[in-house]
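There are 2 protein chains.
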Amino acid sequence: MEQIDRRVRRTKKSLEEALIALALEKGYDAITIQEITDRADIGYRTFFRHYADKDELLKDVLSATLLELQDLMAPPPPELFMDPNFSATEFINISVLFKHVQENSNLYRVLLDSDRTIIQTVIAFAEKNIRSRFHLLRELDVPKDIIANHMISAPLALVRWWLDAGMPYSAEEMGEYAFRLVVLPIRDMVLEALPEQ
Amino acid sequence: MEQIDRRVRRTKKSLEEALIALALEKGYDAITIQEITDRADIGYRTFFRHYADKDELLKDVLSATLLELQDLMAPPPPELFMDPNFSATEFINISVLFKHVQENSNLYRVLLDSDRTIIQTVIAFAEKNIRSRFHLLRELDVPKDIIANHMISAPLALVRWWLDAGMPYSAEEMGEYAFRLVVLPIRDMVLEALPEQ
DNA sequence: TATTTATGGCGCATAGTATGCCATAGTGCT
DNA sequence: AGCACTATGGCATACTATGCGCCATAAATA
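Residue numbers (the numbering used here), protein chains in the order written: chain A, -15 to 181; chain B, -15 to 181.
Following this line, the structure appears as structure tokens:
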């Protein structure tokens, strides 16, 4: 097995925890690598033996959580879109997103505060996922590419607002709002485009 | 009048042009002040006599254009929302946004590529504007704060997609798509909430 | 033309990143 | 337990970029 040296595990774990703590305190961009290693009580030199830069550490921190989200939001099979009886909640379960954000709010705060390029990677990945679900569908009133983008970035903006505002509503409520603002209009469009029975 | 020294005008103009050119070439973040002053053929030292940092220069570049947009998107008076005869296009003319982006696409590219804090300032301002239009309205199915945020960040995400994709649709088409995805659902909510005749 | 002011170029201080070197301490394996 | 291995710490160093003081000079305003 890929048994990893205990020291490496310890070092990485310390650095990851230090990054999150500092990012919440003073914002991701403002952190220096020196501060991370000081907080983690790790030699400055050691940082570069594991990560090329700050962003790589951040990716490491986020990857597990984002893979988890990916599973949660996962694939209702593409055939579902062709089934005229599919229900609204099956279309996409958006409140799952908000629950996951709530359970990992510190991580999401850091993610949404971080460099655009990291978020862009996440968005691009999720978009590809959505597009693959649409590809069986015939063209709608709005191009499918635009819908795919909207289905990702609009909920993400709601998440950002939610966190910035101090989560004044429950995850279920936010799911409901996102459903009304984003999902419902798209579902209606899709239903119209389905081949009539 | 506030007649400004010709040299100052010339210096600022050169710096602004250099910033835009460089930002389009290699991305806003990657630019150094040294590069800006070299390109502008201005002394490095002189930069700091006009701007505290890169962001301040960017703000200067964007301010005129954003004020222009503000006028274009401007106020249908708040009473309009209480008028049951108000039409969809009066609700908010979203295609104006896309036309303005098209005419200033270089600037918007730089803006959307730049630091989050600058975009956040713009979003916060626009949000306040929208909220003031809503304040007469009674509570809807979705909290008004969330709607205000959605009305800003969702179109902005569409603009970002449009620019990143190389503007494959016309401004009018994008306006139509934004209308269907964002404005129409909200308009329907508002209409439901209006006191019935 | 005289006075004011912006600019250019020099040097210097500071902060942060990134790497080389070598002794040391912790680790996995037999 | 002992051995070979390798991650780590600490030091020095190079590099890049920001930010400012100083003073001579060029350009603008009046």
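Each residue gets a CB set at the ideal place from its N, CA and C atoms; glycine is no exception. This structure is a prediction, so every number in the text was calculated from the model and none was measured.
Reference residue i; option with closest CA among the options
i                : options                                    : result
Ala2 (chain A)   : A:Lys83, A:Leu53, A:Val94 and A:Met151     : A:Val94
Arg196 (chain A) : A:Ala24, A:Leu6, A:Gly11 and A:Leu8        : In the structure displayed, chain A extends from -15 to 181; residue 196 (chain A) sits before or after that span and is not available.
Val143 (chain A) : A:Asp(-11), A:Gln54, A:Asp125 and A:Leu81  : A:Leu81
Ala138 (chain A) : A:Glu0, A:Ile170, A:Ile20 and A:Ser154     : A:Ile170
Met151 (chain A) : A:Ser89, A:Val106, A:His34 and A:Arg(-10)  : A:Ser89
Glu188 (chain B) : A:Val126, A:Leu53 and A:Arg164             : Beyond the ends of chain B as shown, which are -15 and 181, falls residue 188 (chain B); an answer cannot be given.
His119 (chain B) : B:His84, B:Ala141 and B:Val174             : B:Val174
Phe43 (chain A)  : A:Ala58, A:Glu0 and A:Asp55                : Note that residue 43 (chain A) is Lys in the sequence shown, not Phe. Nearest option by C-alpha distance: A:Glu0.
Ile4 (chain B)   : B:Arg(-9), B:Thr21 and B:Asp(-11)          : B:Thr21
Ala141 (chain A) : B:Gln104, B:Gln(-13), B:Leu147 and B:Asp13 : B:Gln104
Tyr12 (chain B)  : B:Gln18, B:Phe109, B:Lys38 and B:Leu168    : B:Lys38
Ile107 (chain B) : A:Asp148, A:Tyr28, A:Ile107 and A:Ile130   : A:Asp148
Phe163 (chain A) : A:Asn77, A:Tyr28 and A:Leu56               : A:Asn77
Glu153 (chain A) : B:Ile130, B:Asp(-11) and B:Asp97           : Contrary to the premise, residue 153 (chain A) reads as Tyr rather than Glu in this sequence. Per the Cα distances, B:Ile130.
Phe109 (chain A) : A:Tyr28, A:Trp145, A:Leu124 and A:Leu51    : A:Leu51
Beta-carbon contacts of residue i that lie in its chain and below 7 Å, excluding the five residues immediately before and after
i                 : result
Ile114 (chain B)  : Ala132, Met135 and Ile136
Thr49 (chain A)   : Asn88 and Leu91
Leu46 (chain A)   : Leu91 and Leu95
Lys83 (chain B)   : Ala155
Thr(-5) (chain B) : Ile26, Thr30 and His34
Glu111 (chain B)  : Ala132, Asn133 and Ile136
Arg122 (chain A)  : Ala177
Asp99 (chain A)   : Asp39
Met57 (chain A)   : Val80 and Leu81
Asp97 (chain A)   : Ala7, Gly11 and Tyr12
Glu19 (chain B)   : Leu6
Residues near residue i by beta carbon distance below 8 Å, same chain, minus five either side
i                 : result
Glu160 (chain B)  : Ser79
Lys(-3) (chain A) : none
Arg8 (chain B)    : One point to set straight first is that residue 8 (chain B) is Leu, not Arg, in the sequence displayed. Closer than 8 Å at Cβ, skipping near neighbours: Asn90, Arg93 and Val94.
Leu165 (chain A)  : Ala138 and Leu142
Test: residue i CB closer than 7 Å to a CB of chain B
i                : result
Ser137 (chain A) : yes
Asn77 (chain A)  : no
Arg171 (chain A) : no
Ala188 (chain A) : The first residue shown for chain A is -15 and the last is 181, placing residue 188 (chain A) beyond what the model contains.
Ala141 (chain A) : yes
Gln181 (chain A) : Here Gln181 (chain A) scores only 46 on pLDDT, less than 50, and its place in the model is too uncertain to base an answer on.
Residues of its chain near residue i, where Cβ-Cβ distance is below 6 Å and the 5 sequence neighbours each way are ignored
i                : result
Ile15 (chain B)  : Leu6
Gln86 (chain B)  : Ala155
Lys128 (chain B) : Phe118
Leu53 (chain B)  : His84
Ile102 (chain B) : none
Asp172 (chain B) : none
Ile17 (chain A)  : Phe31
Trp146 (chain B) : Met158
Beta carbon proximity, residue i to chain A, threshold 7 Å
i                : result
Ala177 (chain B) : no
Ala36 (chain B)  : no
Ala72 (chain B)  : Note that Ala72 (chain B) scores 48 on pLDDT, short of 50, meaning its location in the model is unreliable; the coordinates nonetheless yield the value given after this. So, not an interface residue.
Quiz prompt | Members of the stretch 114 to 137 of chain B near chain A, C-beta cut-off 9 Å | solution = Listed by position, the residues of the stretch 114 to 137 of chain B near chain A (Cβ gap below 9 Å) are Asp125, Val126, Pro127, Asp129, Ile130, Ile131, Asn133, His134, Ile136 and Ser137.
To be precise: take each residue of the stretch 152 to 165 of chain B, compare its Cβ to all Cβ atoms of chain A, and keep it if any distance is under 7 Å. Which residues remain? Result list: Tyr161, Arg164 and Leu165.
Give, in chain order, every residue of the stretch -3 to 12 of chain A whose Cβ lies closer than 9 Å to some Cβ of chain B.
-> Taking 9 Å as the Cβ-Cβ cut-off against chain B, none of the residues of the stretch -3 to 12 of chain A qualify.
message: Suppose only complete runs of 4+ residues qualify. What are the alpha helix (DSSP H) ranges in the stretch 84 to 134 of chain A, listed by chain order?
response: 89 to 97 and 100 to 118, all fully within the stretch 84 to 134 of chain A.
Check distances from the C-beta atoms of the stretch 18 to 44 of chain B to those of chain A and list, in chain order, the residues that come in under 9 Å.
Listed by position along the chain: nothing, the set is empty.
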